[in-house]
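When we follow my numbering, the leftmost residue of the sequence shown carries the number 2, and every step to the right adds one.
Please read the structure below before turning to the comments.
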Amino acid sequence: MNSQKLPSEQADEILEYLRQTCGLSFSSTRLKQAEELVVQACLNSNSADLNVYFEKLKSSQILLDALVSKLTIQESYFFRDRNHYQLVIEQILPEILKLRGEQHMLRAWSAGCASGEEAYSLAILFEQYGVKSHLIGSDISPIALQNANTAVYRQWAFRQNDDNFARIYFDKRGEDYYLKPNIREKVRFEYLNLVQDSYPSISRGIWAMDVIFCRNVLIYIDPQLIPKIANRFFETLAEGGWLLTASSDPLLSQFAPFESIITAAGVFYRRPISAVSNVILQSINKHSEPIIDLRPPQTFTNSQIKPKSARRKILPVPPAAPEQKNEVLVLAKQSFASGDYAKTISITRKHIDQDIECCLLYLRSLANTATVEHAEAEARSLGIAHQFSVELHYMHALLLMELGSWEEALTTLKKVLYLDPSLIIVHFSLGVTHQRLNKKTQAEKSFSTVQKMCEGLPPQAALPLADGETAGRLAKLALFELNALKG
Ligand SMILES: C[S@@+](CC[C@H](N)C(=O)[O-])C[C@H]1O[C@@H](n2cnc3c(N)ncnc32)[C@H](O)[C@@H]1O
């Protein structure tokens with residue numbers, strides 16, 4: 002290491018780079034160990050010195066991923082902090098099902114999932130209680146994610162569980178415990194850096210969450226970035242959804258308009274339910290018909306009253322005048338941006354058949370306040386009025402993916418690509434869908450297409466229909482999926 006600077010100073014420069022690019026932060030107690038890990042990573046990379054290693058690191062995603070994986074602590078085990086899981090069963094689940102109906106598919110996200118123990122614990126819990134679920138695990142460490150996908154553990158991962166636990170849910174081979182496929186296939190793992198502005202994301206299935214577990218993660222993140230993360234979590238929760246952090250994590254109450262709930266198991270956070278949404282949800286639970294009329298009550302004569310099921314057809318609204326339409330859209334966009342989904346629904350509702358922008362805002366708001374099933378039914382029916390809208394069909398495909406209707410999602414995604422083959426994010430969704438249908442070769446083809454298409458763009462270019470996802474980031478996600486497919 003021939004440099005005028007001390008190795009620890011050079012290592013600190015690299016750590017500062019990681020703080021800026023990945024948001025990783027190292028407390029004084031961990032700094033020495035982190036410096037040693039950087040020096041070790043430099044030696045492993047056969048670089049002449051830390052300067053050379055730093056230059057390589059800036060241009061090599063593989064080296065960066067390897068270093069991040071070394072520096073982040075991936076300690077986890079099944080049913081860690083058991084009382085949090087108890088809270089899910091005793092309070093959160095009954096609350097959400099009451100709000101969204103017994104048939105609701107619970108949407109949960111383990112953010113900073115390490116090797117998958119937390120996400121799989123939730124999968125096991127939901128299996129035990131017969132709850133349908135849409136489960137995602139994400140992490141910044143590709144190595145941790147690879148282990149999560151493989152789902153092979155050692156006995157230490159069950160340290161807080163009785164002997165029966167491993168016997169029921171794992172197949173033992175030598176010292177290794179293989180998670181049974183029926184649980185393994187319930188969770189999808191994704192690369193996601195929490196400090197980046199890449200969530201909520203409809204296209205990646207990370208939105209309208211009922212439960213977010215982000216435990217023992219924020220403690221490693223630069224404190225200056227915590228307020229933004231708290232806000233992004235707030236936006237990613239459905240109304241009435243819960244965020245659970247660990248007791249050692251920073252408090253989030255002051256950073257976003259959560260309801261803070263103090264329990265014996267810790268302080269947790271809930272996204273409040275607006276009064277109007279409550280009315281919507283109750284009306285959905287009472288009637289299974291998908292249309293909600295939020296207009297102020299009107300007086301009808303008997304002859305005007307028609308069957309409810311035909312309500313949308315019998316209330317044709319003349320197309321709005323251009324200036325009026327503009328006003329409606331501006332208002333709707335404002336209320337959507339402020340998270341007032343109930344108001345957005347009431348503003349857009351009358352214009353959904355004529356105006357595609359209103360229609361999309363309406364569907365997004367519906368999915369955030371009602372159930373995915375409900376939004377999917379609406380998207381399907383609105384697809385007839387807007388048959389050439391790629392946005393609408395893509396949203397419909399995403400909702401189908403959320404519901405696990407993979408075959409129908411495949412058909413719908415192909416329809417979107419038929420209308421516009423240049424949509425990179427749709428090729429990505431196609432890859433995910435092929436993967437879920439066990440069509441490995443087609444999945445590889447789709448992800449390779451994504452890589453090739455992204456290569457031709459500047460890394461910071463925002464992709465159409467991709468919720469702010471950039472070409473650089475999507476290329477990285479595609480690479481991650483390709484590696485996972487190669488196993
Ligand atoms: C100690 S583990 C926590 C695992 C699990 N949540 C639990 O409580 O058992 C911390 C995890 O956070 C991940 N992590 C750290 N910084 C992150 C970031 N900026 N974005 C996403 N994940 C991150 C690490 O890679 C690591 O897997």
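For every residue, glycine included, the Cβ atom is placed at its ideal position computed from N, Cα and C.
- Assignment of A209 by DSSP, reduced to helix, strand and coil, places it in the coil class.
- The alpha-carbon separation between L100 and A12 amounts to approximately 51 angstroms.
- Contact annotation: S202 and A149 have beta-carbon atoms that are not nearer than 8 angstroms.
- In this structure, G24 has its CB closer than 7 angstroms to one or more heavy atoms of ligand 1.
- In the DSSP assignment, W407 falls within the unbroken alpha helix (DSSP H) covering W407 to L420.
- Proximity of the stretch 435-447 to the stretch 390-397 falls short of the contact definition, fewer than three beta-carbon pairs being nearer than 8 angstroms.
- With a cutoff of 7 angstroms, L123 does not count as near ligand 1, since its C-beta is closer than that to no heavy atom of the ligand.
- Burial check for V331: the Cβ neighbour count within 10 Å stays below 16, so the residue is exposed.
- When DSSP reads this structure, S261 sits in a beta bridge with Y270.
- Looking only at P224, E128, A371 and P182, the smallest Cα-Cα distance to T151 is reached by P182.
- A check of alpha carbon separations from Q461 across S406, A472 and Y18 identifies A472 as the nearest.
- The C-beta distance from A67 to A42 rounds to 7 angstroms, short enough to meet the 8 angstroms contact threshold.
- Rounded to whole angstroms, Q92 and W243 show a C-alpha spacing of 10 angstroms.
- In the DSSP annotation of this structure, the continuous segment of the beta strand (DSSP E) that includes Y178 starts and ends at D177 to L180.
- Closest in C-alpha terms to H105, from the list S111, G113 and L94, comes L94.
- If you draw a 10 Å sphere on the C-beta of A49, you find fewer than 16 other C-beta atoms in it, and that means exposed.
- Note on S28: under 16 other CB atoms within 10 angstroms of its CB, so exposed under the neighbour-count rule.
- Scanning its chain for C-beta atoms nearer than 6 angstroms, with the 5 sequence neighbours on each side dropped, one finds around F190 the residues G138, L146, A149 and N150, in chain order.
- DSSP places Y78 in the coil class of the three-state scheme, outside both helix and strand.
- Judged by their CB atoms, F171 and Y78 are not nearer to each other than the 8 angstroms cut-off.
- Scanning its chain for C-beta atoms nearer than 8 angstroms, with the 5 sequence neighbours on each side dropped, one finds around S134 the residues M106, L107, R108, A109, L123, A124, F127 and K187, in chain order.
- About 5 angstroms separates the beta carbon of I141 from that of N194, a gap short enough to meet the 8 angstroms contact definition.
- The alpha-carbon separation between L367 and A380 amounts to approximately 10 angstroms.
- With a cutoff of 8 angstroms on beta-carbon distance, C359 and L383 are scored as not near each other.
- The beta carbon of A333 sits closer than 7 angstroms to the beta carbons of T345, I348, T349, C359 and L362 from its chain, once the five residues preceding and following it are set aside; these are given in chain order.
- Distance from S46 to K57 at the Cβ level is roughly 7 angstroms; contact confirmed, criterion being Cβ atoms closer than 8 angstroms.
- Ligand 1 never approaches E482 closely enough for any of its heavy atoms to be under 7 angstroms from the residue's Cβ.
- Annotation for Q156: A167, E176 and Y178 place their beta carbon closer than 8 angstroms to its own, counting only its chain and skipping 5 residues before and after.
- L253 is a Cβ neighbour of T246, given a cutoff of 8 angstroms.
- Sequence-distant partners of S261 (beyond 5 residues in either direction) whose C-beta falls short of 7 angstroms from its own C-beta, in its chain, are S254, V268 and Y270.
- In the structure shown, the three-state DSSP call for V331 is helix.
- Bounds of any beta strand (DSSP E) do not take in K33; it lies within the alpha helix (DSSP H) bounded by S29 to N45.
- For F256, there is no enclosing alpha helix (DSSP H), as DSSP marks it with neither H nor E.
- At a Cβ-Cβ threshold of 8 angstroms, F214 and S111 count as neighbours.
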